[in-house]
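Presented below is the structure to which this report refers.
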Amino acid sequence: MILASIGVISLFCQWLAWRMRMPAILFLLIGGIVAGPVTGFLNPEAVFDDILFPMISLAVAIILFEGSLTLRAEEIRSHGKMVRNLIPVGALVTSTIGTLAARWILEVPWEVALLFGAISVVTGPTVIAPLLRAVRPTSTIANILRWEGIIIDPLGALLAVLVFEGIVSWGQGNVFSHALYIFGKTLMVGFLIGAAAGYLNGLALRKHWLPQYLHNAGTLTFMLGVYVLSNELAHEAGLLTVTVMGIWMANMKQVPVEDILEFKESLSVLLISALFIILAARVDFGSIAGLGWGLVAVLACLILIARPISIFLSAIGTKLNWREKLYLSWIAPRGIVAAAVSALFALQLERAGFAGANTLVPLVFMLIIATVTLQSLTARPIAKLLNVQEPPAHGFLILGANPVARLIAEALGKHEIPVMLTDTNWENVRQARMKNMPVYFGNPVSEHAATHMDLTGIGNVLILSPYKQLNSLATYHFLDWFGDDSVFSLSEGDQDQRARLQTAGKIQRTRGLFNSVSYAKLASLVSQGYTVKTTNLREEFSYQQFLDQYHNQALVLFAIDGRKHIQAVRDMEDLKPEEDWKLISLVPPQPQKERKEKEKEKEREKKPESSASSPESTEKPAD
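FYI, the working numbering numbers position 140 of the sequence shown as 135, with every residue one higher than the one before it.
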């Protein structure tokens, strides 16, 4: 019953976080504390006994491996000077101040202080991404925080691993040279075996030595086997090994790591959430109370001193203003990697006989609770106070990067409307990238997409994809993100009437975009030469004249009113545009004779002003 209850509690916490649009780690913490020290229902040591330590160890290995799979060198280089500065500078400043504060204020042993300083560096995308979606800061701030979390997650954990290896290796010998030998051996085993394992696994995936259905399970079990082998060769070198293995695979060419990352998401909901419930249930309030007011002082040093110093030093030479620097100085919530790594190393320090090891977990957990709670509750009002919040988002996330979607995205981009395309078809993604369109390759409803897809300025979703099953999943997913009035999808064509009986009303309310045209019909029109054009309405050229010009064959896609507000058109009969509006429409190709006459007329015109009175001059082709 206890094992089943752990799963039920973790699922409820994840659901509650999804409904309230807050980091799941906050609710998992509360759930674990209520199940453990508050009610006494869950006692992890009594339930798991000897397998508690191996279970936590393997779970941390999976977390670090997944995090390192997202660490691509070209992405680090391409995300600005601030991010590149913040990783080394922030890590050095935070770890130094955290170590000294824990040592001098709480008087914990140097070993515990050093580990606490290293672990306190890690923020993580699992807590940053939900916060950014709720607050919607400016794109500059959002990108810095998002990419700092993605990069520092595995690198911060790697720093903690190296610090731990140094502590343990130093404790194994009285002579400096012997301790240096142990530490060097650990590094050599970790880097060599990690690189070799990453290369071999990447090669097996790239050359299809494994069948498709074994890619995910094979990679996971091979990684765990390599982890255990490294620990046998050198004490606790496994975490370093799996981190190096993940980084190596992420940077190999033509290695399909996206499927592995997607597989991890289902695993994380079960494994990582349950792990966090178990870790929170082990929190000893007696140990926290024993730290006294010194604990508050240590947390204040990290939140109010270390973070601002890191930001202001890293921002030297950048174009960030003081408001942006202040906001970045406040936001740095710690995540699940910090909790898992601290619990693992605390257990190992206790087993190795280090004094004061039991204070590491309460220190880290209070840091997580303080940062997640304070910053989740205050991030939005502080963003408003500092005026670093984005205006109401009017951009479009377009599901599909096919020719139809690219035409529409290009037309929207010319009006400076933010767009983001996403597709699972690589050729479509490649074509969009060649036109310098922002695009995400992969499953748009995945956790990886939620972390990596930049939706700054995006407040609407257009479903322009031929993949019906994915369309329905995406509709459900983004209805919860953006609301009922911001998700638009096409009609399903001839099958739509029959499908209405089997389709939820929630999805049906989103359908009927662009005068209830289907994707097949749109694609057919584009293949016939239809193009997307912008038309400026005015007194001399009304909406009815526009329709008559194209013999009622034009399909109005979007209308931009006089205040530059854009709306996607569902039913053209309900559209009542005014004189100062702009229409973005899909229009038929002009007959060849008419086109030649217009070309001759343009050649005769010598001044651009002479064409101002022509209705056609108000149209700007998007392609």
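Even glycine gets a Cβ: it sits at the ideal position worked out from N, Cα and C.
Going by DSSP, S522 is part of the alpha helix (DSSP H) stretching over Y514 to S522. Non-local C-beta neighbours of G179 in its own chain, meaning closer than 7 Å and more than five positions away in sequence, are absent.
Straight through space, the alpha carbons of T238 and L215 are spaced by roughly 13 Å.
Taking the Cβ atoms as the reference, D418 lies roughly 7 Å from F436, within the contact range of under 8 Å. Counting only the Cα atoms, V564 lies some 7 Å from N510. In this model, A388 and I453 are separated by some 5 Å (Cα to Cα). Within the model, the alpha-carbon separation for L228 versus I177 is close to 11 Å. The three-state secondary structure of F483, taken from DSSP, is strand.
Just so you know, the alpha carbons of G189 and T236 end up roughly 4 Å apart. A distance below 8 Å separates the beta carbons of S324 and R302. The stretch 393 to 406 makes contact with the stretch 448 to 466; the number of CB pairs closer than 8 Å reaches 3 or more. The closest CA to that of A275, considering only P357, L468, L182 and R128, is found on P357.
Only residues of its own chain outside the window of five on either side were considered, and among them T417, Y435, G437 and N438 have a CB closer than 8 Å to the CB of A444, listed in chain order. Pairwise C-beta distances place the stretch 27 to 34 out of contact with the stretch 308 to 317, as fewer than three of them are shorter than 8 Å. Pairing V414 with T133 gives a Cβ-Cβ distance that is not under 8 Å. Excluding residues up to 5 positions away in sequence, A396, D418, V434 and F436 lie with their Cβ nearer than 7 Å to the Cβ of V424 in the same chain. Between the stretch 10 to 23 and the stretch 287 to 302, the count of Cβ pairs shorter than 8 Å is below three; the stretches do not touch. Each residue's CA atom was taken as its position, placing V122 and L321 some 20 Å apart. Counting along the chain, the unbroken alpha helix (DSSP H) around Y222 starts and ends at H210 to L228. Secondary structure of F36 (DSSP, three-state): coil. Residue burial is scored here from C-beta neighbours: L372 has fewer than 16 other C-beta atoms within 10 angstroms and is therefore classed as exposed. In the structure shown, the three-state DSSP call for V359 is helix. In the three-state reduction of the DSSP assignment, R14 falls in the helix class.
With a cut-off of 8 Å on Cβ pairs, the stretch 190 to 199 is not in contact with the stretch 157 to 165, counting fewer than three such pairs.
The beta carbons of S460 and E487 sit about 12 Å from each other, so the pair does not count as a contact at 8 Å. Taking the Cα of R533 as reference, the smallest distance to any Cα among E574, L508, V521 and Y545 is reached at E574.
With a cutoff of 8 Å on beta-carbon distance, V78 and W142 are scored as near each other. For I136, the closest C-alpha among the options L381, P398, L219 and K430 is that of L381.
With a cut-off of 8 Å on Cβ pairs, the stretch 330 to 350 is not in contact with the stretch 89 to 97, counting fewer than three such pairs. Taking a cut-off of 8 Å for Cβ pairs, the stretch 469 to 485 and the stretch 406 to 413 do not touch, as fewer than three such pairs fall below it. DSSP, reduced to helix, strand and coil, places V414 within a strand of the structure shown. Non-local C-beta neighbours of G2 in its own chain, meaning closer than 8 Å and more than five positions away in sequence, comprise L265 and A269, ordered along the chain. Between L175 and A155, the alpha-carbon positions lie close to 17 Å from each other. In this structure, L362 keeps its C-beta atom at 8 Å or more from the C-beta atom of L344. Residue environment for E385: buried (at least 16 other C-beta atoms within 10 angstroms of its C-beta).
Looking at the backbone, the Cα of K248 and that of K202 are separated by about 12 Å.
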